[in-house]
Amino acid sequence: MLLFEKFSVAREARTALAGAGADPTDVVFDALNSATEGVVKGRTTILAGTNNYLGLTFNKKCIAAGIAALESQGTGTTGSRMANGSYAAHGALEDELADFYQCSNAMVFSTGYAANLGVLTALLGKDDVVLLDSDAHASLYDGCRMSGADIFPFKHSDLQSLERRLVRLKDRTSRSLIVVEGMYSVLGDCAPLAGIVALKERFGACLLVDEAHSVGVYGERGCGVAEAQGVLEKVDFIVGTFSKSLGAMGGFCTSRHDVLGLFRYVSRPFIFTASPSPAVVATTREALRQLRTRPELKDSLWSNARQLYRGLQDLGFELGPKISPVVAVRCKDRESALANWNKLLEAGVYVNMMLPPATPGGASFLRCSVSAAHSPEQIRTIIKEFKNLEGGH
Ligand code: PMP
Numbered sequence: 098m099l100l101f102e103k104f105s106v107a108r109e110a111r112t113a114l115a116g117a118g119a120d121p122t123d124v125v126f127d128a129l130n131s132a133t134e135g136v137v138k139g140r141t142t143i144l145a146g147t148n149n150y151l152g153l154t155f156n157k158k159c160i161a162a163g164i165a166a167l168e169s170q171g172t173g174t175t176g177s178r179m180a181n182g183s184y185a186a187h188g189a190l191e192d193e194l195a196d197f198y199q200c201s202n203a204m205v206f207s208t209g210y211a212a213n214l215g216v217l218t219a220l221l222g223k224d225d226v227v228l229l230d231s232d233a234h235a236s237l238y239d240g241c242r243m244s245g246a247d248i249f250p251f252k253h254s255d256l257q258s259l260e261r262r263l264v265r266l267k268d269r270t271s272r273s274l275i276v277v278e279g280m281y282s283v284l285g286d287c288a289p290l291a292g293i294v295a296l297k298e299r300f301g302a303c304l305l306v307d308e309a310h311s312v313g314v315y316g317e318r319g320c321g322v323a324e325a326q327g328v329l330e331k332v333d334f335i336v337g338t339f340s341k342s343l344g345a346m347g348g349f350c351t352s353r354h355d356v357l358g359l360f361r362y363v364s365r366p367f368i369f370t371a372s373p374s375p376a377v378v379a380t381t382r383e384a385l386r387q388l389r390t391r392p393e394l395k396d397s398l399w400s401n402a403r404q405l406y407r408g409l410q411d412l413g414f415e416l417g418p419k420i421s422p423v424v425a426v427r428c429k430d431r432e433s434a435l436a437n438w439n440k441l442l443e444a445g446v447y448v449n450m451m452l453p454p455a456t457p458g459g460a461s462f463l464r465c466s467v468s469a470a471h472s473p474e475q476i477r478t479i480i481k482e483f484k485n486l487e488g489g490h
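All residue numbers in the sequence shown are consecutive under my numbering, ending with 490.
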């Protein structure tokens with residue numbers, strides 16, 4: 098069938114990955130012992146490739162909140178909020194998020210991906226313009242494309258490139274949205290938000306920041322990079338996910354613009370999908386409560402990040418630009434990334450393999466992410482197993 102011909106590329110890619118040992122896109126955790134330890138093919142494995150920054154996935158209070166919600170509200174909502182009604186907890190979570198961000202409005206989506214599609218397609222139309230950081234996540238690209246707006250990518254975190262794009266837009270700047278992330282997920286670098294805010298104000302543009310990886314990680318209160326850089330109240334729309342620091346699933350948007358309240362009536366990724374299930378909402382609310390009241394979680398995360406970054410740096414690995422809970426080890430090429438990823442897994446350390454085209458600059462990386470729940474001993478083991486890799490990184 099001609100229809101299936103296009104899959105030959107995917108078939109070849111799968112064969113190449115499987116040829117190097119285990120396929121990084123198909124790792125199975127047969128059991129989870131804790132937030133930082135799983136079992137892969139019978140081997141106890143340190144989880145160093147999650148986004149479980151605060152280590153809350155096995156938190157007893159979060160689990161108890163989920164069980165209580167299952168028992169009192171059932172397993173699922175079985176429909177969308179517009180067609181089938183909201184549960185009180187959806188609204189309560191939105192109020193808590195609005196309070197956390199000190200915004201008038203918050204909106205919850207079923208995933209972080211849906212939040213980006215939902216916000217961008219509601220906000221942008223064919224007469225609008227979006228200035229998109231070139232390293233932005235696929236969900237931001239997809240949302241921009243779906244919106245029908247004109248998309249002008251600018252060089253990653255490059256203020257001059259962004260300024261040039263804005264100058265060229267002339268009077269279209271008042272219909273333009275700048276789209277960036279807080280902390281970027283591959284190298285752990287942060288957007289220069291203070292500079293971006295200055296530009297958006299000068300040109301009268303709007304700004305959306307995806308803080309998916311920075312909630313609970315950056316900022317004194319844990320709101321993200323915008324808070325850390327002192328510009329939180331200048332950002333027009335903040336989006337984020339519940340699937341990383343909050344250890345659940347779902348996404349959100351907060352804004353100080355009342356228009357966000359109208360997104361519910363026009364945002365198809367909000368309207369045409371089932372609302373988050375009671376257990377997911379309950380664990381998210383409890384995790385958010387802990388994020389807000391337990392600063393020691395963020396302290397442990399950063400202490401672990403420093404330990405891993407410095408340990409790998411001392412071994413001579415080429416890492417991202419600065420200490421971050423995402424520690425990306427640059428590999429010589431695709432083959433060495435694949436071989437070393439396999440060696441680490443066989444040694445009981447699971448990291449993420451990041452290959453082009455999904456990587457900055459077309460390079461290959463072994464991406465480690467640190468959790469507040471890692472013990473210093475686990476971090477030492479990760480460093481030791483990197484040391485055992487023979488050259489080739
Ligand atoms: N935005 C960014 C920057 C992300 O990295 C991700 C997930 N990797 C998402 C959005 C999507 O979030 P979710 O997995 O919760 O759908």
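Idealized CB from N, CA, C, for every residue including glycine.
Original post:
Anyone know if the C-beta pair for residue 246 and residue 223 falls short of 8 Å?
Top reply: In the sequence shown, counting from the first residue as 1, residue 246 sits at position 149. In the sequence shown, counting from the first residue as 1, residue 223 sits at position 126. Yes, they are a contact pair.
Original post:
Name the DSSP beta bridge partners of residue 447, please?
Top reply: Taking the first residue of the sequence shown as position 1, residue 447 is located at position 350. According to DSSP, which records beta bridges pairwise, residue 447 is partnered with 144.
Subject >> 8 Å Cβ cutoff met for residue 317 and residue 158 >> reply: Residue numbering aside, residue 317 sits at position 220 when the sequence shown is read from its first letter. Residue numbering aside, residue 158 sits at position 61 when the sequence shown is read from its first letter. Not a contact, by the Cβ cut-off of 8 Å.
Subject >> Pairwise C-alpha distance: residue 434 and residue 489 >> reply: Taking the sequence shown and counting its residues from 1, one reaches residue 489 at position 392. Taking the sequence shown and counting its residues from 1, one reaches residue 434 at position 337. Here the model assigns residue 489 a pLDDT of 47, short of 50, so the residue's position is not dependable, and the following value carries that caveat. Cα to Cα, the separation comes out at about 8 Å.
**OP:** Assuming residue 214 and residue 240 form a contact by the criterion Cβ under 8 Å, report the distance between their Cβ atoms to the nearest whole angstrom.
**Re:** Reading the sequence shown from its first residue, position 117 is the one you call residue 214. Reading the sequence shown from its first residue, position 143 is the one you call residue 240. Indeed they touch by this definition, with Cβ atoms about 4 Å apart.
Original post:
If we call anything under 8 Å between Cβ atoms a contact, is residue 300 one with residue 256?
Top reply: Here residue 300 is taken as the residue at index 203 of the sequence shown, counted from 1. Here residue 256 is taken as the residue at index 159 of the sequence shown, counted from 1. No.
Subject >> Anticipated Cβ contact below 8 Å, residue 283 with residue 451, distance rounded >> reply: Numbered from 1 along the sequence shown, position 186 holds the residue referred to as residue 283. Numbered from 1 along the sequence shown, position 354 holds the residue referred to as residue 451. Yes, residue 283 and residue 451 are in contact; Cβ-Cβ is about 6 Å, under 8 Å.
Original post:
Between residue 247 and the ligand PMP, is the CB less than 7 Å from at least one heavy atom?
Top reply: The residue labelled residue 247 in the question sits at position 150 within the sequence shown. Answer for residue 247: no, Cβ out of range of the ligand PMP.
Original post:
What number of angstroms, rounded off, separates the C-alpha of residue 236 from the C-alpha of residue 427?
Top reply: Residue 236 sits at position 139 when you count from the first residue of the sequence shown. Residue 427 sits at position 330 when you count from the first residue of the sequence shown. The alpha-carbon atoms of residue 236 and residue 427 are separated by roughly 24 Å.
Subject >> residue 365 burial status per 10 Å Cβ neighbour count (16 or more: buried) >> reply: Numbered from its first residue, the sequence shown carries residue 365 at position 268. Exposed is the call here.
Subject >> Contained beta strand (DSSP E) runs [length at least 3] in the segment 384-462, N- to C-terminal order >> reply: 423-428, 449-451
Original post:
At which residue ranges does the segment 202-281 contain complete alpha helix (DSSP H) runs of 4 or more residues, listed in the order of the chain?
Top reply: Within the segment 202-281, the complete alpha helix (DSSP H) runs of at least 4 residues are 209-220, 235-244, 256-266.
Original post:
Any idea if residue 410 is buried or exposed, counting beta-carbon neighbours within 10 angstroms, 16 or more meaning buried?
Top reply: Mapped onto the sequence shown, residue 410 falls at position 313. Its Cβ having fewer than 16 others within 10 Å, residue 410 is exposed.
Subject >> Segments of 4+ residues assigned as alpha helix (DSSP H) that fall wholly inside the segment 110-161 >> reply: none
Original post:
Alpha carbon to alpha carbon, what distance is there between residue 462 and residue 486?
Top reply: Along the sequence shown, one-based indexing puts residue 486 at 389. Along the sequence shown, one-based indexing puts residue 462 at 365. Rounded to the nearest angstrom, the two C-alpha atoms are 14 Å apart.
**OP:** Quick one: grab the DSSP three-state call for residue 489.
**Re:** In the sequence shown, the residue the question calls residue 489 occupies position 392. Residue confidence is low: residue 489 scores 47 on pLDDT, short of 50, so the model does not pin down where it sits. No coordinate-derived value is stated.
Original post:
Do you know whose CA, among 373, 165, 304, 208, lies nearest residue 183's CA?
Top reply: Position 86 of the sequence shown, counted from the start, is the residue given in the question as residue 183. That would be 373, whose Cα lies nearest to the Cα of residue 183.
Subject >> Assigned exposure category for residue 131 - 16 Cβ within 10 Å defines buried >> reply: Locating residue 131 in the sequence shown gives position 34, where the first residue counts as 1. Residue burial is scored here from C-beta neighbours: residue 131 has fewer than 16 other C-beta atoms within 10 angstroms and is therefore classed as exposed.
**OP:** Tell me whether residue 202 is buried or exposed, calling it buried when 16 or more other Cβ atoms sit within 10 Å of its Cβ.
**Re:** Counting from 1 along the sequence shown, the entry for residue 202 is found at position 105. In this structure residue 202 is buried. Its beta-carbon is surrounded by 16 or more other beta-carbon atoms within 10 angstroms.
Subject >> Endpoints, beta strand (DSSP E) assigned at residue 304 >> reply: The count along the sequence shown starts at 1 and reaches residue 304 at position 207. Under the DSSP assignment, residue 304 falls in the beta strand (DSSP E) whose first and last residues are 303-307.
Subject >> Exposed unless 16 or more other CB atoms sit within 10 angstroms - verdict on residue 362 >> reply: Locating residue 362 in the sequence shown gives position 265, where the first residue counts as 1. By the 10 Å Cβ count, residue 362 comes out exposed.
Subject >> C-alpha distance - residue 401 paired with residue 102, whole-angstrom precision >> reply: Position 304 of the sequence shown, counting from 1, holds the residue named residue 401. Position 5 of the sequence shown, counting from 1, holds the residue named residue 102. Across the structure, residue 401 and residue 102 are spaced so that their CA atoms are roughly 47 Å apart.
Original post:
For residue 348, which three-state DSSP category applies?
Top reply: Position 251 of the sequence shown, counted from the first residue, corresponds to residue 348. Three-state DSSP puts residue 348 in a strand.
Original post:
If you count every other CB in all the chains shown that lies within 10 Å of the CB of residue 387, and 16 or more means buried, which is it?
Top reply: Taking the sequence shown and counting its residues from 1, one reaches residue 387 at position 290. So residue 387 ends up on the buried side.
Subject >> Closest Cα partner of residue 312 within the set 333, 290, 343, 288 >> reply: Residue numbering aside, residue 312 sits at position 215 when the sequence shown is read from its first letter. Just measuring C-alpha positions, the residue of 333, 290, 343, 288 sitting nearest residue 312 is 343.
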